[in-house]
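As they're listed, the protein sequences go chains A and B.
Following the numbering used here from start to finish, the first sequence increments by one per residue and tops out at 739.
Following the numbering used here from start to finish, the second sequence increments by one per residue and tops out at 739.
C-beta: ideal position from N, C-alpha, C; glycine also.
Protein chains: 2
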Amino acid sequence: MKALHQSLFAIATIILLISNCVQAKQSPNLVISAQDVAMMQAAIKGDGSFAKTFIKTKAIVDAQMALPMSVPTPADGGGGYTHERHKKNYQLMYNAGVIYQLSQNNKYADYVRDMLLEYAELYPSIGLHPQRKVNSQNPGKLFWQSLNEAVWLVYTIQAYDLVHDSLADDDINKIEQQLLRPVAIFLSEGQPSTFNKIHNHGTWAAAGVGMAGYVMNEAEWVEKALYDLEKSGKGGFLRQLDELFSPQGYYNEGPYYQRYALMPFITFAKAINNNQPERNIFDYRDGVILKAITTTIDLSYNGLFFPINDAIKSKGIDTIELVNGVTIAYGLTQDSRLLDIARQQGQIILTGDGLKVAKALDAGRVTPYQFTSTAFGDGADGTEGAFVVMRQHADGEPADKGQALVFKPSAQGLGHGHFDKLNWQFYDKGAEIVSDYGAARFLNVEAKYGGRYLPENKTYAKQTIAHNTVVVDERSHFDASTKLGNQHHPELLFFKHTAQGSVSSAQIDTAYQKVNLHRTMALVKLPDSGEPLAFDIFGVKGDEFHQIDLPLHYQGQLIDSSFARNAFAKSLTPLGNSNGYQHLWLTAQARPEAGLAKITWLNDNGSFYTHTAIVDGETEVLFTRTGANDPNFNLRNEAAFIYRKKMSKAHRFISVIEPHGVYNPSKEFTLAATSKISALNYQFEDELELIKVRLVTGKQYLLAINHKEHLPAKTKFSYQGTDYLFSDRFHLFKIITKQ
Amino acid sequence: MKALHQSLFAIATIILLISNCVQAKQSPNLVISAQDVAMMQAAIKGDGSFAKTFIKTKAIVDAQMALPMSVPTPADGGGGYTHERHKKNYQLMYNAGVIYQLSQNNKYADYVRDMLLEYAELYPSIGLHPQRKVNSQNPGKLFWQSLNEAVWLVYTIQAYDLVHDSLADDDINKIEQQLLRPVAIFLSEGQPSTFNKIHNHGTWAAAGVGMAGYVMNEAEWVEKALYDLEKSGKGGFLRQLDELFSPQGYYNEGPYYQRYALMPFITFAKAINNNQPERNIFDYRDGVILKAITTTIDLSYNGLFFPINDAIKSKGIDTIELVNGVTIAYGLTQDSRLLDIARQQGQIILTGDGLKVAKALDAGRVTPYQFTSTAFGDGADGTEGAFVVMRQHADGEPADKGQALVFKPSAQGLGHGHFDKLNWQFYDKGAEIVSDYGAARFLNVEAKYGGRYLPENKTYAKQTIAHNTVVVDERSHFDASTKLGNQHHPELLFFKHTAQGSVSSAQIDTAYQKVNLHRTMALVKLPDSGEPLAFDIFGVKGDEFHQIDLPLHYQGQLIDSSFARNAFAKSLTPLGNSNGYQHLWLTAQARPEAGLAKITWLNDNGSFYTHTAIVDGETEVLFTRTGANDPNFNLRNEAAFIYRKKMSKAHRFISVIEPHGVYNPSKEFTLAATSKISALNYQFEDELELIKVRLVTGKQYLLAINHKEHLPAKTKFSYQGTDYLFSDRFHLFKIITKQ
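Following this line, the structure appears as structure tokens:
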């Protein structure tokens with residue numbers, strides 16, 4: 001046995017040595033391999049979409065190459081001239097490198113060489129960037145922060161790899177010694193805290209340094225990129241893959257940063273796969289890289305990402321990172337549903353995988369992408385809450401014409417996370433109906449706080465009141481402490497999707513001390529008419545008396561409420577003094593009588609939406625609009641209403657949103673402009689939650705949800721003299737009235 | 001000579017008798033003729049777009065016919081059940097009639113017959129509509145106002161005509177005696193003031209009654225429809241054509257009502273042409289009906305009508321009235337440019353002309369519609385001011401990607417007119433940049449004031465401050481008296497379009513007593529870069545001291561101003577007490593130093609817009625937002641800034657709007673977010689207006705406008721030591737700086 005052990009050990013060691021040994025250099029061999037190039041060269045002789053993209057890209061590169069080359073001494077921050085110039089330069093070098101490989105025309109390689117040589121002259125002469133932040137942990141040299149420098153390296157090392165076969169030894173020597181090696185060393189040993197960090201900045205650095213390792217035969221750099229500077233495995237690319245994504249491929253910071261984070265992961269993974277296929281990087285952690293790509297798609301509605309946390313709302317699936325992601329994923333899987341997304345993206349990538357996508361699109365192999373209802377577990381092991389997406393649509397209708405309900409019992413999401421535990425959003429007919437403000441930022445617009453996150457991002461957009469979730473005593477969750485938020489997360493109690501719809505429930509005890517927040521949400525279709533309803537039951541329980549606010553930010557024009565509103569027609573004042581309240585003008589207030597309170601608004605999509613709540617006669621409704629304490633007009637002007645319960649130890653907000661009718665002023669017709677719901681009844685007994693909905697037609701429905709932790713095979717109950725039985729987490733019954 | 005005269009007189013009398021004699025009935029012969037039917041029957045055997053439309057329409061009719069027929073006793077006003085049901089019924093009868101003619105399947109004719117018989121039972125039993133307005137001049141019976149009743153007759157008489165050949169004599173008798181004749185008589189003799197009125201309501205009545213005359217062989221009805229009840233020619237269809245359109249085909253109330261007004265004109269004209277081609281109705285008044293159709297198209301940008309006066313802003317060229325208009329116009333002219341509009345409308349009409357359009361579209365005969373820069377004269381003879389449309393776009397770019405500047409020195413426009421003399425709007429890259437509020441109305445939304453014009457239409461939308469034109473002493477033009485407004489109109493001084501762009505100037509002395517308002521607007525492209533600039537020079541002169549406000553309502557997010565703003569961050573109050581000012585929250589105010597004042601905003605189209613004004617250091621800038629004194633949240637929430645000059649007898653506002661840059665957060669780049677204009681100089685001497693623009697690049701341009709009433713062949717002038725010469729109303733010079 002001992003001999004066998006020894007032999008096995010020896011074999012394992014050899015395998016390890018082989019796998020760790022970087023292959024002798026062949027060029028190119030990062031994202032684009034020499035084999036890819038051969039096929040791509042053949043394809044551009046045809047007239048498919050790949051050839052068209054080549055022609056278009058070549059024209060763009062030609063136009064840019066016709067201008068004077070500029071490698072300026074770094075001076076400006078984000079959005080400024082030198083910043084943007086260096087960003088354009090790496091993109092241009094990369095594109096010119098690709099065009100060189102495809103056209104075999106040396107002028108493109110020469111251009112890349114000349115620019116690299118200019119950088120090689122510049123780089124040794126510059127210190128840290130003049131616009132770096134004071135006491136920054138991660139200053140750059142070419143850019144104000146090293147993140148941009150790492151991105152520069154990821155593109156530039158590929159450009160270098162693409163033109164390498166054309167370079168004279170002297171030039172290779174100068175470019176590597178004066179530029180590429182110093183940059184790689186600056187980004188690794190020069191900034192250990194960033195390089196080793198389990199964070200998107202770390203991933204870019206790892207990708208850049210690791211790819212440089214492949215190109216310049218520095219096996220150690222690859223090892224460090226994969227396992228951290230000490231090769232300990234406590235940091236580095238693999239640890240980032242372990243920790244930054246959940247098993248379902250959900251990225252802690254949310255979709256806006258997920259698509260951004262994706263880029264270095266997929267780029268470096270592709271380069272690893274080309275150089276060391278034996279690492280089976282795409283199988284790592286049960287294929288987490290592929291999952292991260294498809295999850296990014298799944299976190300969108302009508303082409304735009306769900307704008308949770310710090311997010312620019314116009315970002316969507318056509319973002320270049322996801323175009324690359326879908327391209328690489330299709331190259332690996334040939335899954336024709338990915339072509340549906342590629343078609344919507346409308347961009348072909350000039351790589352080997354891009355050629356596969358182009359050919360498949362040209363051949364019309366698209367099948368519809370299947371958007372599903374899913375709870376995406378959060379955290380490295382998927383147990384730190386979840387990000388829940390519920391969807392439904394009519395048969396034969398695309399997902400984006402139907403509804404999406406997004407429920408957010410997910411973790412804090414680091415520095416870009418918002419204080420919005422158990423927040424939700426609602427989408428219908430292509431539009432955002434119950435909305436999230438996203439980030440307060442005008443990206444790269446110098447006049448708007450240098451294009452960075454505006455002060456109002458912190459004072460408003462991140463605060464709880466800017467979201468659709470409970471605020472206790474006008475204080476934000478975790479008292480708006482990111483550190484505290486990162487230590488806790490909500491608990492997903494259950495998520496279930498059936499043919500009738502989706503239901504999910506979650507809670508959190510730590511957003512406020514000694515207060516439990518518990519929310520159950522459901523998106524269902526009425527059994528006979530197929531009409532959608534979105535239920536929201538928000539329970540708040542504490543030891544002491546609190547003021548409990550539940551805001552709802554709506555998109556559209558207020559049409560009507562079932563109760564009188566006292567509007568502040570003559571003067572407006574802010575709703576509060578801090579925690580985001582100072583940015584809301586109080587435009588009206590009301591105290592609806594006990595019973596049902598309805599608020600109807602009209603969205604630009606031409607549908608009406610009515611929020612129907614059960615009220616106790618002591619709950620106030622406050623109507624607000626953003627814009628107070630905003631001297632620079634930095635905030636968008638948006639409307640909300642807030643259900644406010646004062647002096648309460650426990651309260652349950654029960655409501656349903658109902659899309660209805662059509663407003664078509666162009667064709668001059670208006671249908672069903674009023675809500676169909678005539679009564680709501682609620683009870684919660686023995687962990688069985690029952691909500692009865694009565695329509696004006698007299699039809700009645702009963703949504704039953706069993707909250708038992710250990711769900712029995714069958715749930716039996718009696719309601720108003722009738723026995724009911726169901727076998728899942730929930731069921732929506734049509735109540736048959738006895739004659 | 002006497003004998004000859006007598007003979008000629010006799011011949012003329014005979015011709016008159018023949019032409020006035022309604023032909024023996026053949027069916028159908030209103031908009032659709034028997035000859036059309038034969039061709040349409042052939043076409044539906046093919047598979048072109050006409051056949052597809054037939055199949056689709058037949059399916060819709062089949063689905064509606066499968067439901068129980070409902071001819072309810074009139075009860076509800078606009079938007080209510082019986083109102084909408086009767087509207088649907090006439091549409092259904094018309095469609096079923098068409099399907100009957102095309103399919104020759106009697107079930108469709110029988111359905112129309114059965115519904116007509118139900119109406120024939122109902123009609124004699126009902127009096128005036130219960131929801132009619134108190135003391136209304138024009139109540140209906142089936143509908144709350146007779147306008148709808150006239151529309152009902154226009155459709156129903158066509159439906160009857162389409163199924164006439166299938167009806168038994170008894171049914172004909174009952175339908176005509178109990179329904180169609182009473183309705184026609186009710187709408188003519190029963191309401192002389194409406195029937196004889198030179199107004200859109202009169203046109204619908206004339207069209208319905210006249211067509212009924214053709215179908216039921218009542219030549220007198222046709223005569224009355226054409227010449228009024230007394231056949232005096234003081235009213236009736238021809239007089240309406242004389243007075244409601246200008247020679248250029250511009251309709252006094254503006255495009256929103258123009259497209260609506262179009263429908264009875266084109267429908268009745270087509271029926272006249274089929275029944276009495278010898279009337280040459282389409283040649284009447286130099287082809288004014290065709291001009292009215294093309295002018296309606298010309299009054300749009302990016303598919304939407306310019307929303308001046310009472311207008312629902314989502315109305316555009318795909319409105320069914322204009323689909324019919326373009327169809328009939330194409331039938332007459334076979335002008336392939338009309339197909340460009342038909343293609344955008346995407347609707348085929350099941351008529352003989354509709355078949356021509358369908359065949360031409362199927363054959364790909366579209367050529368681009370040519371949107372031009374035009375001053376559409378207003379008033380019956382085209383001299384009551386004008387509605388000026390200036391357009392420009394880059395070569396090869398569609399008109400809707402370029403700019404449109406709309407200048408409104410047009411007449412009041414009757415009851416739907418706004419008090420906005422010399423108002424303007426600006427469009428760029430598909431979007432409204434300097435905007436018009438349009439009408440305050442949620443069409444047919446019961447909860448919003450019954451779907452009618454909201455009170456805020458009068459208190460805000462019609463008032464001068466809601467527009468982009470001068471308000472003197474916080475009072476609206478004509479003190480908001482429609483009667484007074486209708487008595488006056490601005491004077492168009494000139495309009496000129498050249499390869500460099502367009503310039504127009506107009507004035508009015510009557511909007512305010514003893515105050516002259518004089519505005520000159522220009523839309524030009526800079527000679528070398530092609531960059532667009534929109535100039536606005538607004539002169540105000542009075543005998544006494546006044547407060548002069550010039551508002552600009554902008555669409556987008558305020559980015560920056562070149563001067564400090566004092567924002568009302570802690571509380572808001574309305575800007576004024578009346579004339580629309582009470583609806584504006586004052587959000588910030590400023591007093592820029594003498595020199596240039598710049599305000600930059602960002603539109604959703606991704607472009608920046610900077611308004612640069614010459615200021616004297618004593619002009620205030622007020623920033624506002626609609627929503628004050630609006631307890632029902634009826635107003636949309638929109639932003640404006642107002643240049644305010646106090647205590648002034650004369651003032652001239654000089655400004656230029658400059659589109660610049662790109663904001664693309666999706667692709668993460670921002671370009672040219674700041675204005676390029678570094679200086680503006682202005683002088684007006686001896687009726688020569690000179691505006692010098694200096695850019696940050698150092699380039700300088702000089703816009704010279706000769707205001708002389710009698711323009712000389714050449715204008716010579718000297719400016720800063722250089723001589724200039726131009727031969728048109730205006731010229732834009734590039735200033736060559738001497739070294």
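Taking the runs of the alpha helix (DSSP H) that are 4 residues or longer, which of them lie wholly in the segment 159-228 of chain A? The qualifying runs are 169-175, 181-187, 192-195, 200-215 and 219-227.
Measuring alpha carbon to alpha carbon, tell me which of B:Q345, B:S481 and B:L350 ends up nearest V366 (chain B). Of the candidates B:Q345, B:S481 and B:L350, the one whose C-alpha sits nearest the C-alpha of V366 (chain B) is B:Q345.
Output yes or no for whether 8 Å exceeds the beta carbon distance between G208 (chain A) and I126 (chain A). Pairing G208 (chain A) with I126 (chain A) gives a Cβ-Cβ distance that is not under 8 Å.
Same chain, Cβ closer than 6 Å to D479 (chain B), neighbours up to 5 away in sequence not counted: Cβ neighbours of D479 (chain B) beyond the five flanking positions: none.
What does I559 (chain A) touch in chain B if you count any residue whose Cβ is under 8 Å from its own? In chain order: F442, V445, A447 and K448.
What residues from chain B crowd round Y94 (chain A), counting only those whose CB sits closer than 8 Å? Residues of chain B whose Cβ lies closer than 8 Å to the Cβ of Y94 (chain A) do not exist; the shortest such Cβ separation is about 16 Å.
So which residues of chain B does N637 (chain A) contact, with C-beta pairs closer than 8 Å? Close to N637 (chain A), with beta-carbon spacing below 8 Å, are these residues of chain B in chain order: R625, N637 and A639.
For E432 (chain A), which residues from the same chain have a beta carbon less than 6 Å from its beta carbon, with the 5 sequence-adjacent residues on both sides left out? Shown here for E432 (chain A): same chain residues with a beta carbon closer than 6 Å to its own, the five before and five after excluded, namely Q555 in chain order.
If I measure Cβ to Cβ from Q258 (chain B) and keep anything under 6 Å in the same chain, skipping five residues before and after, which residues do I get? Short of 6 Å from the beta carbon of Q258 (chain B), and not among the five residues preceding or following it, lie these beta carbons of its own chain, in chain order: Y251 and T296.
Separation of S607 (chain A) from V112 (chain B), as counted between CA atoms: Cα to Cα, the separation comes out at about 33 Å.
Per-residue DSSP class, three states only, for E397 (chain B): Coil at E397 (chain B), not helix or strand.
Along chain B, in chain order, which residues have C-beta atoms closer than 9 Å to that of P255 (chain A)? When 9 Å is used as the limit between beta carbons, P255 (chain A) is near no residue of chain B, the shortest such separation being about 14 Å.
Can you grab the Cα-Cα spacing for the pair M1 (chain A) / E218 (chain A), in whole Å? At M1 (chain A), the pLDDT of 47 sits below 50, so the modelled position is not reliable; the number obtained from the coordinates is stated separately. Here the C-alpha atom of M1 (chain A) lies approximately 38 Å from the C-alpha atom of E218 (chain A).
For D353 (chain B), report the span of its alpha helix (DSSP H) as first-last. Boundaries of the alpha helix (DSSP H) harbouring D353 (chain B): G352 to D362, taken from the DSSP string.
Where M69 (chain A) and M115 (chain A) are concerned, what is the direct C-alpha to C-alpha distance, given to the nearest angstrom? Roughly 7 Å separates the two Cα atoms.
Where D318 (chain A) meets chain B, residues with beta-carbon distance less than 8 Å: Near D318 (chain A) (Cβ distances below 8 Å), the residues of chain B are S666.
Helix, strand or coil for G287 (chain A), going by three-state DSSP, please let me know. DSSP, reduced to helix, strand and coil, places G287 (chain A) within a helical segment of the structure shown.
Between which two residues does the alpha helix (DSSP H) containing P264 (chain A) stretch? Residue range P255 to N275 is occupied by the alpha helix (DSSP H) that includes P264 (chain A).
Under 8 Å between C-beta atoms, does G451 (chain B) make it to chain A? By this cut-off, G451 (chain B) is an interface position.
Hey, quick one: how far does the alpha helix (DSSP H) through D310 (chain B) stretch, first residue to last? First-last for D310 (chain B): undefined, no H or E at that position.
How about A311 (chain A): is its C-beta nearer than 8 Å to some C-beta of chain B? So, not an interface residue.
Own chain partners of R85 (chain B) with C-beta closer than 6 Å, once the 5 adjacent residues on each side are dropped: Closer than 6 Å at Cβ, skipping near neighbours: S70 and P72.
Environment of I272 (chain B) [buried if 16+ CB atoms lie within 10 Å]: With 16 or more neighbouring CB atoms inside 10 Å of its own CB, I272 (chain B) falls in the buried class.
Going along chain B in order, which residues have a C-beta closer than 9 Å to the C-beta of T573 (chain A)? Within 9 Å Cβ-Cβ: K570, S571 and L572.
Neighbour list for F669 (chain B) in chain A, Cβ cutoff strictly below 8 Å: Neighbours of F669 (chain B) on chain A, chain order: E84 and N444.
Less than 8 Å separating the beta-carbons of Q229 (chain B) and P192 (chain B)? The displayed chain sequence assigns Leu, not Gln, to residue 229 (chain B). Taking 8 Å as the cut-off, the Cβ atoms of L229 (chain B) and P192 (chain B) count as close.
Looking at C-beta atoms only, is the number of pairs between the segment 144-159 of chain A and the segment 197-212 of chain A that lie closer than 8 Å three or more? Output reads yes: the segment 197-212 of chain A touches the segment 144-159 of chain A.
Start and end of the beta strand (DSSP E) containing Y719 (chain A)? For Y719 (chain A), the enclosing beta strand (DSSP E) has its first and last residue at T715 to Y719.
Please confirm if S529 (chain B) has its CB atom under 8 Å from at least one CB of chain A. Taking 8 Å as the threshold, the shortest C-beta distance from S529 (chain B) to chain A does not fall below it.
Please check if any C-beta of chain A sits within less than 8 Å of the C-beta of S718 (chain B). False, the Cβ-Cβ gap to chain A never drops below 8 Å.
Buried or exposed: A168 (chain A), going by 16 or more other Cβ atoms within 10 Å of its Cβ? Counting C-beta atoms within 10 angstroms of its own C-beta, A168 (chain A) has fewer than 16 neighbours from the protein chains shown and is therefore classed as exposed.
Could you tell me the alpha carbon to alpha carbon distance between Q23 (chain A) and M216 (chain A), rounded to whole angstroms? Annotation note: pLDDT 44 at Q23 (chain A) (below 50); position unreliable, coordinate value reported separately. Roughly 11 Å between the two C-alpha positions.
When DSSP labels each residue in this structure, what does P455 (chain A) get in the three-state scheme? Residue state, collapsed to three classes: helix.
Applying the criterion that 16 or more other CB atoms from any shown protein chain within 10 Å of the CB defines a buried residue, is N138 (chain A) buried or exposed? Around the beta carbon of N138 (chain A), 16 or more other beta carbons lie within 10 angstroms, which makes this residue buried.
Check the Cβ-Cβ distances between S562 (chain A) and every residue of chain B, and say whether any is below 8 Å. So no, S562 (chain A) is outside the interface.
Between M390 (chain B) and S300 (chain B), is the Cβ-Cβ spacing less than 8 Å? Their beta carbons are not under 8 Å apart, which means M390 (chain B) does not touch S300 (chain B) by this criterion.
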